[in-house]
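In this text, residue positions in the sequence shown follow our numbering: the first is 2, and each later residue adds one.
Ideal Cβ positions, reconstructed from N, Cα and C, are used throughout, including at glycine.
Only a predicted model underlies this, so the values are computations on that prediction, with no experimental measurement involved.
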Amino acid sequence: MIVGVGIDVVDMARLGARLDRTPGLRERVFTEAERDLPLRSLAARFAAKEATGKALCTPGDLPWQEAEVTKGEHGEPILVITGAVAARAELLGVTRLHISLSHDGGIATAIVIAESAGAP
């Protein structure tokens with residue numbers, strides 16, 4: 002059963018400008034493993050963090066670094082959640098998170114689908 006769906010889009014140039022003018026933003030938002038990625042990848046990951054909050058019905062209330070996008074065996078994106086984000090997912094009965102990322106034309110997007118094993 003689908004518990005929630007989140008989608009977000011990020012203007013890459015706008016994010017780049019914010020990262021340039023705001024000291025510490027990169028460290029507050031992105032995990033150590035994410036920080037040195039190219040801007041297009043950072044923008045997609047920023048969108049993923051926002052989409053995760055939306056899928057878990059708490060946009061803006063979850064710690065940024067507790068939702069991290071890693072790569073799977075075949076390069077596919079994998080969403081790893083910890084701390085308060087994982088606790089929120091557990092509270093909602095979420096057993097699996099699906100994620101899709103894309104970036105083109107200066108825009109990055111992410112979709113997150115939160116799934117449970119059955120009816121709550």
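Whole-angstrom distance between residue j and residue i, CA atom to CA atom
| i | j | result |
| --- | --- | --- |
| Arg-15 | Leu-40 | 11 Å |
| Arg-46 | Ala-111 | 8 Å |
| Gln-66 | Glu-51 | 11 Å |
| Ala-109 | Gly-119 | 32 Å |
| Leu-43 | Thr-71 | 12 Å |
| Asp-105 | Met-13 | 9 Å |
| Leu-92 | Arg-19 | 33 Å |
| Thr-32 | Ile-82 | 12 Å |
Selected residue, minimal CA-CA separation from residue i, among the options
| i | options | result |
| --- | --- | --- |
| Ala-56 | Glu-33, Ile-8, Arg-29, Gly-106 | Ile-8 |
| Ala-88 | Glu-33, Ser-101, Cys-58 | Cys-58 |
| Val-30 | Pro-64, Gly-107, Val-95 | Pro-64 |
| Gly-84 | Gly-73, Asp-62, Glu-74 | Asp-62 |
| Gly-17 | Gly-94, Leu-38, Val-95 | Leu-38 |
Beta-carbon proximity of residue i to residue j, cut-off 7 Å
| i | j | result |
| --- | --- | --- |
| Val-11 | Ser-117 | no |
| Ile-100 | Val-113 | yes |
| Ala-115 | Leu-98 | yes |
| Thr-53 | Ala-68 | yes |
ask   = Should the region 14-31 be called in touch with the region 78-85, which here means at least 3 C-beta pairs below 8 Å?
value = Taking a contact to require three or more Cβ pairs closer than 8 Å, the region 14-31 and the region 78-85 do not qualify as touching.
query = Taking only runs of the beta strand (DSSP E) that begin and end inside the region 3-67, which ones reach a length of at least 3 residues, in chain order?
reply = 3-12
Uninterrupted beta strand (DSSP E) stretches inside the region 60-116 (no shorter than 3 residues) = 68-72, 78-82, 95-105
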